[in-house]
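A.B. asks:
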Amino acid sequence: MVEWLSRRLDNFLGRTQDRSMQVPPGLVCWLDGRPSNLMALGLALQHLAVQSVYFVLPAAAAAAISPDPLDATRFLCLSILAAAMWQTLQLLTRGPVGSGYPIPATHSAALLGAYMLTGHAGGSFGTISAMVLLAGLASIGLTFVMHRMRVLMPNEVAGVVVMLIGVALISLGTRQLGLQPGGIPPDSVGLGVVFGSLAMMVAVGLSRTRAAPFSVLIGALVGVILSLSLAPLPEGAGQVLGASAWIALPRPWLPDFTTVQPATLLAYLLALVAMIATAAGSIAVFQRAADAEWTRPDAPPLRRGLLANGLALSFAGLIGGAAPGPATAAVGLSIATGTLARRIGWFGVPMLLTLALCPKLITLFVLTPAAVKAAMLFYVGGFIMAQGCQLITVRLLDTRRTLVVAFGLCGGIVVAVAPQIFLQLAPAIASPLAFGAVVAFFTNLVTLPLVARRAEQTVTLGALAGRQASDWFAGVAAAWGLKPQTARAAEHALSELAELLTERGLAKLLLSARRAEDRVEITLAWPGEALPERSRAGQAEDLLGPMEAQERFAVWLATREAQSFTQRATAEGTEARLVFED
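Read in order, the letters of the sequence shown correspond to residues 7 to 588 in the working numbering.
Here's what the structure looks like:
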């Protein structure tokens, strides 16, 4: 039993199952690259500049729970500690945890609506801790049951989630400015700070100078200077800053399960769909950038990355921090600069730990004027929405995929435009991100059976059997719009297997093909014994060996490009099944 379980885990998460990767041309440093200490430090600082923009998310969540800036500082320190754990787990290159990719971590926007709902329900930081812990445990469990992640979370669903994250950030920016019902609209000074900060961010970002990666921080600094010169300091800001220590270990908030409410818990679990989709999308995007021969996501690193995501969520719940997740903008920065080395990620971990242990620096961020935080949210939110558009259009949008995107975005925007009715009738989904992600997820799931297609053919085995089987599938592939490489691999396999069965003296071969969302399954049935199991690698000496060795080589030659090849005995003889990714 233990040996069987170990074998199953190795097949599911083992690093020996990873596809070999080819280094793309034009990269400055690949995964195993060794940039100099100075270069790695500078690149890690660039990542930190992007990561720090998301600090506004736990700060906003803390404001919904408590008006005390010291509580916000404590919550933000714990949240940064959880982000450091997320980044560390993803960097691991041994064991069953971690994708092995240097994906910078920050705070997930997927739970923003759930945090606000916790505050409206009178919850505490202990409530958030309990909810995040339960979400983390659920995420760990889902890693082992979602075997076909690409089917359940395709690019279209992940893109909708990323776009709605941008919508959520922009919505939070309007709340910071007091533009939503019940808020106090900004005066001319506040508006001037917003537009001045945004103008500086855009100017620096387009400058093509070494300062460009720091455009958000430079724009925020200009906004703070404008705000301080045109408006008085917030009352008590000096006392709050003076009460914060330079170095201190943040005290955790223990989970308080007694305050967990079903509606609020449901909001966290629904947002988990968006969190998993965001993590899976970021891992797949990084994987694609690091492999010159990438055609589809490699499942084992993706599963290990999602397991690390669940463990980091659980850690955040145990210490009382906000849920961590990938910094999608920082991933884009790594790809844009061609710097994918793990060494850069390892340099970034102690930087996050330093921030988490320095409350005074975090307090400065908490006390940042609301107009400056709003500008940061608008700027980052727009970029994230653009990334979501790119993710949605990775594949050609047919009618079904268009419906998934359309319904998901419409659902999220409806909640953004009219949140009150959702807060009254269904508070668990009163978040554009949570509702839109759930709508996109279930639209994809429900419409999957509608695109399944089938075809059958009986081939008379003889001298032309291989050609007949190949030509039949070529017509099927053209009618179904399969990728050329999928069609070629399947045609080759059918041709070789048909010729092999002809040599056995069989009379006929029944072929059937089924197309699902991301794969093609081909079934071959014949009245006779099964073929030999294919060898791991073809050996030239097999061609001169006994008949069984020759057949084993032929099976390997026919099925080497298939994702899987299995056989089973039936009442009529044998049935073989080939699976090709498309």
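Cβ atoms here follow ideal geometry from the backbone N, Cα and C, with glycine treated the same way.
Remember, predicted model here, so these are calculated numbers, not experimental data.
1) So, is CYS395 buried or exposed, given that buried needs 16 or more other C-beta atoms within 10 angstroms?
2) For GLN182, collect the residues of the same chain with a Cβ closer than 6 Å to its Cβ; drop the 5 residues on either side in sequence, then sort them by chain order.
3) Closer than 6 Å by C-beta to ALA318: which residues in its own chain qualify, once you throw out the five before and the five after it? Chain order, please.
4) Per the contact definition of three or more C-beta pairs closer than 8 Å, is the stretch 303-323 in contact with the stretch 21-36?
5) Does the beta-carbon of PRO110 have 16 or more other beta-carbons within 10 angstroms, so that it is buried, or is it exposed?
6) Tell me the DSSP secondary structure of VAL103 in three-state form.
7) I need the straight-line Cα distance from SER340 to MET281, nearest angstrom please.
8) Taking 8 Å as the threshold (C-beta atoms), are VAL457 and GLY414 in contact?
9) Quick check on DSSP: helix, strand or coil for ALA582?
10) Tell me the DSSP secondary structure of TRP532 in three-state form.
11) Do you know whose CA, among LYS514, VAL561, VAL421 and PRO533, lies nearest GLY119's CA?
12) By how many angstroms is the C-alpha of VAL230 removed from the C-alpha of ILE134?
13) Do you know offhand how far SER288's Cα is from VAL56's?
14) Where TYR121 and TYR107 are concerned, what is the direct C-alpha to C-alpha distance, given to the nearest angstrom?
15) Relative to the alpha-carbon of LEU76, which residue among GLY101, THR369, PHE428 and PRO187 has its alpha-carbon at the smallest distance?
16) Just to confirm the assignment, what range does the alpha helix (DSSP H) spanning PHE263 have?
17) Using beta-carbon positions only, say whether ALA443 and LEU170 come within less than 8 Å of one another.
18) Could you compute how far the alpha carbon of GLY188 sits from the alpha carbon of ALA277?
19) Using C-beta distances below 6 Å, list every residue in its chain close to THR345, excluding the 5 sequence neighbours before and after it, in chain order.
20) Measuring straight from C-alpha to C-alpha, what distance separates LEU488 and LEU429?
21) What is the DSSP secondary structure of GLY132, counted as helix, strand or coil?
22) Using the beta-carbon count (16 or more within 10 Å), is PHE479 buried or exposed?
23) How long is the line joining the alpha carbons of THR453 and THR408, rounded to whole angstroms?
24) Counting C-beta neighbours from all protein chains within 10 Å, is the total for HIS126 16 or more, i.e. buried, or is it exposed?
25) Please indicate yes or no: does the CB of ILE325 lie closer than 7 Å to some heavy atom of the ligand COA?
26) With burial defined as no fewer than 16 other Cβ atoms inside 10 Å of the residue's Cβ, what is the status of VAL337: buried or exposed?
27) Could you check if MET624 is buried or exposed, using at least 16 other CB atoms within 10 Å of its CB as the buried criterion?
28) Determine, using beta carbons only, whether LEU204 and PHE447 come nearer to each other than 8 Å.
29) When the Cα of ALA483 is compared with those of THR215, GLN426, GLU527 and VAL29, which residue comes out closest?
30) Mind checking whether THR265 and SER130 have CB atoms under 8 Å apart?
31) Give me the Cβ distance between ALA174 and PRO438, rounded to the nearest whole Å; I'm assuming they're in contact under 8 Å.
C.D. replies: Put simply:
1) Result: exposed.
2) Excluding residues within five positions, the ones whose Cβ falls inside 6 Å are ALA376, LYS379 and ALA380.
3) MET91, TRP92, LEU95 and PRO330
4) yes
5) Residue environment for PRO110: buried (at least 16 other C-beta atoms within 10 angstroms of its C-beta).
6) coil
7) Rounded to the nearest angstrom, the gap between the Cα atoms of SER340 and MET281 is 21 Å.
8) no
9) strand
10) Secondary structure at TRP532: strand, using DSSP grouped into helix, strand and coil.
11) In terms of Cα proximity to GLY119, the closest of LYS514, VAL561, VAL421 and PRO533 is VAL421.
12) Cα to Cα, the separation comes out at about 30 Å.
13) 15 Å
14) 29 Å
15) THR369
16) DSSP places PHE263 outside any alpha helix (DSSP H), giving it a letter other than H or E.
17) yes
18) 26 Å
19) VAL34, CYS35 and LEU49
20) 45 Å
21) Under the three-state reduction of DSSP output, GLY132 falls in the helix class.
22) buried
23) C-alpha separation (whole angstroms): 11 Å.
24) exposed
25) For the structure depicted, the ligand COA is absent and the ligand set is empty, with no information on it obtainable.
26) buried
27) Limits of the chain in this structure are 7 at one end and 588 at the other, which puts residue 624 out of reach.
28) no
29) GLU527
30) yes
31) Taking the Cβ atoms as the reference, ALA174 lies roughly 6 Å from PRO438, within the contact range of under 8 Å.
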